[in-house]
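Participant:
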Amino acid sequence: MVVSYPHPALLWCHSGSATIRVGTWKCELPAGELCFAAGPSTVSGDGLVIPIVFPNLGISGTSRRVHLGVEWGDFMVYEFSRSLGYLRGARTLSPEIARLFDDPAAPPPAPEADEANAVAERLRVNPGDQTSLEDFAEQYRVSARTLQRQFLASTGLTFSEWRTAYRVSSAAELLARDFSVAVVANLVGFAATSSLTRAFRRHTGCTPSAYTPGSVGMAPAGTPPEIPSSSTWHRSTGSDVVLWVYRGTATLTTPGYCRFLGNGDSATIPAGTNTRLDIAAGSIALPMSADTDLDATPELADVVDCYRSALGVVTRADTASAPSVFTFTQKMDEARKLLRAGLRPKDVSRTVGYRSTAAFSRAFKGMHGISPRDFQNEQFVEIAGGSIAG
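Residues 1 to 390 (the UniProt record's numbering) are what the sequence shown spells out, left to right.
(1) Can you tell me whether Met1 is helix, strand or coil according to DSSP?
(2) Looking only at its chain, what residues have a beta carbon closer than 7 Å to the beta carbon of Asn117, apart from the 5 residues adjacent to it on each side?
(3) Is Asn274 helix, strand or coil by DSSP?
(4) What is the C-beta distance between Met288 and Cys306, in whole angstroms, given that I count them as a contact (C-beta under 8 Å)?
(5) From Arg373 to Lys337, what does the alpha carbon distance come to, in whole angstroms?
(6) Leaving out five residues before and five after Ala185 in sequence, what residues of the same chain have Cβ atoms less than 6 Å from its Cβ?
(7) In three-state terms, what does DSSP make of Leu11?
(8) Count the other CB atoms, across all protein chains shown, that sit within 10 Å of the CB of Val2; report buried if there are 16 or more and exposed otherwise.
(9) Taking only three categories from DSSP, how would you classify Ala219?
(10) Alpha carbon to alpha carbon, how far is Gly366 from Phe360?
(11) Report the rounded CA-to-CA distance for Arg91 versus Asp265, giving the unit in angstroms.
(12) Under a three-way DSSP split, which group does Cys306 fall into?
(13) Taking one C-beta from the segment 48-64 and one from the segment 75-95 each time, how about it: are there three or more such pairs within less than 8 Å?
(14) Using only the alpha-carbon positions, how far apart do Leu11 and Pro224 sit?
(15) Using the DSSP secondary-structure output, state which residues sit across from Cys27 in a beta bridge.
(16) Taking only three categories from DSSP, how would you classify Phe260?
(17) Note the first and the last residue of the continuous alpha helix (DSSP H) segment covering Tyr78.
(18) What is the rounded straight-line gap between the Cα of Ser41 and the Cα of Tyr140?
(19) Could you name the residues of the same chain whose beta carbon sits closer than 6 Å to that of Arg82, not counting the 5 residues immediately before and after it, in chain order?
(20) DSSP on Glu299, reduced to helix/strand/coil?
(21) Output yes or no for whether 7 Å exceeds the beta carbon distance between Val181 and Ser209.
(22) Applying the criterion that 16 or more other CB atoms from any shown protein chain within 10 Å of the CB defines a buried residue, is Thr155 buried or exposed?
(23) Got a sec? Which residues, its chain only, sit under 6 Å from Trp72 by beta carbon, not counting five neighbours each side?
(24) If you reduce the DSSP assignment to three classes, tell me which class Leu68 lands in.
(25) Note down, in chain order, each residue of its chain lying with its Cβ closer than 6 Å to the Cβ of Ser309, except the 5 sequence neighbours on either side.
(26) For Ile97, report the span of its alpha helix (DSSP H) as first-last.
(27) For Pro372 and chain B, any beta-carbon pair shorter than 7 Å?
(28) Considering Ala359, what are the terminal residues of the alpha helix (DSSP H) in which it resides?
(29) Name the residue from Ile50, Thr253 and Ala137 whose alpha carbon lies nearest to the alpha carbon of Tyr5.
(30) Name the one or two DSSP bridge partners that Met288 has.
(31) Sort Ala199, Leu87, Ala120 and Arg201 by Cα distance to Ala280 and report the nearest one.
(32) Distance check for Gly248 and residue 394, CA to CA, integer angstroms please.
(33) Pairing CB atoms from the segment 256-265 with CB atoms from the segment 116-130, are three or more of them under 8 Å?
(34) Rounded to a whole number of angstroms, what is the C-alpha to C-alpha distance between Glu299 and Leu286?
(35) Could you please give the first and the last residue of the uninterrupted beta strand (DSSP E) stretch that includes Glu33?
(36) Count the other CB atoms within 10 Å of the CB of Gly217; is the residue buried (16 or more) or exposed (fewer)?
Right, here's the structure in full:
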């Protein structure tokens, strides 16, 4: 399966493995690793990759990945739940996640010119490549001076500086995986351990030996943070909402009614009710589609699938008017319900809050892969077929 995300995103591999592509950049992402996709990305493979997107992620620089370990799984699912926009105060990335990318060993920017970018790609594939500037220039049929200018113009670094910066970045990633300093120096192309140490200190302010395995930049990732308690008031309007306690416990409170939810429990918030949701510390509750089969045991992959399409449609501009992924998904659930009931797409558009039928149709098709009119026609055909069969 191949999934595309049109905006910068964090991509957490929860289980299995996947391949991430962002432009010409590519990485293999095993379980327990987190990737920052700096632009439109594609995800392929059989792994469960959880997307985390906020209106403004607050992460700069090029695409890169960090190794956290599978023990971070619950915290990353919690971060995914925050990104849906249904929890109170969840507007930006958690500081515990944001700091993971505050990385003095981040890779340098890619050069823009074709020849320099081709050279950079060669070095990204093999940081230990010892080919000189002059030899690279000859291979790509430009002068060494031109190639040097290309690197400097778009990255602010000379060829030699760029290569060293990328070697340091690669070294940091290998050190985080418990490779020894001597082995890392050899793998990334430094002639001696002392050469790596000097370059590493110059770029990061820290020696390789002081770099904590399992860390990102100079801050140790260590054990995952505690999941804090959270709450939200939810006004369910047109569609029922199903809540699933993925971990821990939560409490649903409506006027005159209170229900305690344990690990694995699900509950439906009926349309038109005011409900307070209190989620205990260390716990995670995920909203699901109103079409969810409560007789079946929910799966995390199903919840991710429920919102994945919405991420490609929702406007991710950093504005107060941009709908959350959760709100948008609710609108599309309500739209399907109204279309099944026989309302015209034009009337459904107004009911779910769109100013134009065209905008509604684009959003609906982006979410469901079919236009509102075609969806409605399919429903009528199914009903007619059932009546004839009966």
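C-beta atoms are modelled at their ideal positions from N, C-alpha and C, and glycine is treated no differently.
Remember, it's a predicted structure, so these values are computed and weren't measured experimentally.
Facilitator: This is what the structure gives:
(1) Here residue 1 refers to the residue found at position 1 when the sequence shown is read from its first residue. Three-state DSSP puts Met1 in coil, outside helix and strand.
(2) To locate residue 117, count along the sequence shown from 1; it is residue 117. Result list for Asn117: Ala110 and Pro111, in chain order.
(3) Working through the sequence shown from its first residue, we reach residue 274 at position 274. Reduced to three states, the DSSP call for Asn274 is strand.
(4) Reading the sequence shown from its first residue, position 288 is the one you call residue 288. Reading the sequence shown from its first residue, position 306 is the one you call residue 306. Contact flag correct, Cβ pair sits at about 6 Å.
(5) The count along the sequence shown starts at 1 and reaches residue 373 at position 373. The count along the sequence shown starts at 1 and reaches residue 337 at position 337. Each residue's Cα considered, the two are about 13 Å apart.
(6) Within the sequence shown, the letter at position 185 stands for residue 185. Cβ within range, chain order: Thr193 and Leu196.
(7) Start at 1 with the first residue of the sequence shown, and residue 11 comes out as number 11. Assigned with DSSP and collapsed to three states, Leu11 falls in strand.
(8) Stepping through the sequence shown from its first residue, residue 2 is reached at position 2. That one is exposed.
(9) Position 219 of the sequence shown, counted from the start, is the residue given in the question as residue 219. Caution applies to Ala219, whose pLDDT of 40 falls short of 50 and renders its modelled position unreliable; the model cannot decide the point.
(10) Along the sequence shown, one-based indexing puts residue 366 at 366. Along the sequence shown, one-based indexing puts residue 360 at 360. Looking at the two C-alpha atoms, the distance is approximately 10 Å.
(11) Along the sequence shown, one-based indexing puts residue 91 at 91. Along the sequence shown, one-based indexing puts residue 265 at 265. Cα to Cα, Arg91 sits roughly 27 Å from Asp265.
(12) Here residue 306 corresponds to residue number 306 of the sequence shown, with the count starting at 1. Cys306: helix per DSSP, three-state reduction.
(13) Yes, the segment 48-64 touches the segment 75-95.
(14) Stepping through the sequence shown from its first residue, residue 11 is reached at position 11. Stepping through the sequence shown from its first residue, residue 224 is reached at position 224. If I take the Cα positions, the gap works out to 17 Å.
(15) In the sequence shown, counting from the first residue as 1, residue 27 sits at position 27. Answer is Ile20.
(16) Position 260 of the sequence shown, counted from the first residue, corresponds to residue 260. If DSSP states are grouped into helix, strand and coil, Phe260 belongs with the strands.
(17) The count along the sequence shown starts at 1 and reaches residue 78 at position 78. Note, Tyr78: alpha helix (DSSP H), Gly73 to Ser83.
(18) Along the sequence shown, one-based indexing puts residue 41 at 41. Along the sequence shown, one-based indexing puts residue 140 at 140. If you take the alpha carbons of Ser41 and Tyr140, they lie about 28 Å apart.
(19) Counted from its first residue, the sequence shown places residue 82 at position 82. Hits under 6 Å: Ala90.
(20) Mapped onto the sequence shown, residue 299 falls at position 299. Residue state, collapsed to three classes: coil.
(21) As a position in the sequence shown, residue 181 is number 181, starting the count at 1. As a position in the sequence shown, residue 209 is number 209, starting the count at 1. Yes.
(22) Counting from 1 along the sequence shown, the entry for residue 155 is found at position 155. Buried.
(23) Taking the first residue of the sequence shown as position 1, residue 72 is located at position 72. Closer than 6 Å at Cβ, skipping near neighbours: Pro224.
(24) Taking the sequence shown and counting its residues from 1, the one referred to as residue 68 is at position 68. Three-state result, Leu68: coil.
(25) One-based indexing of the sequence shown puts residue 309 at position 309. Counting only Cβ-Cβ distances below 6 Å, and skipping sequence neighbours, we find Met367.
(26) Here the question's residue 97 lines up with position 97 in the sequence shown. Where Ile97 is concerned, the enclosing alpha helix (DSSP H) stretches over Pro95 to Ala98.
(27) Here chain B cannot be found, since the structure has a single protein chain.
(28) As a working mapping, residue 359 is identified with position 359 in the sequence shown. Its alpha helix (DSSP H) spans residues Thr357 to His368.
(29) Locating residue 5 in the sequence shown gives position 5, where the first residue counts as 1. The shortest Cα separation from Tyr5 among Ile50, Thr253 and Ala137 belongs to Ile50.
(30) Residue numbering aside, residue 288 sits at position 288 when the sequence shown is read from its first letter. For Met288, which the question treats as bridged, DSSP gives the partners Val242.
(31) To locate residue 280, count along the sequence shown from 1; it is residue 280. Answer by Cα proximity: Leu87.
(32) The chain is shown from 1 up to 390; residue 394 falls before or after that span and cannot be answered.
(33) no
(34) On the sequence shown, residue 299 is found 299 positions in, with the first residue counted as 1. On the sequence shown, residue 286 is found 286 positions in, with the first residue counted as 1. For Glu299 and Leu286, the distance between alpha carbons rounds to 11 Å.
(35) As a first step, residue 33 is located in the sequence shown; it is residue number 33 there, counting from the start. Taken as a continuous stretch (DSSP letters only), the beta strand (DSSP E) holding Glu33 covers Glu33 to Ala37.
(36) In the sequence shown, the residue the question calls residue 217 occupies position 217. For Gly217, the pLDDT reaches just 38, beneath the cut-off of 50, and the residue's location in the model is therefore unreliable, although a value from the coordinates is still provided. Flag for Gly217 reads buried.
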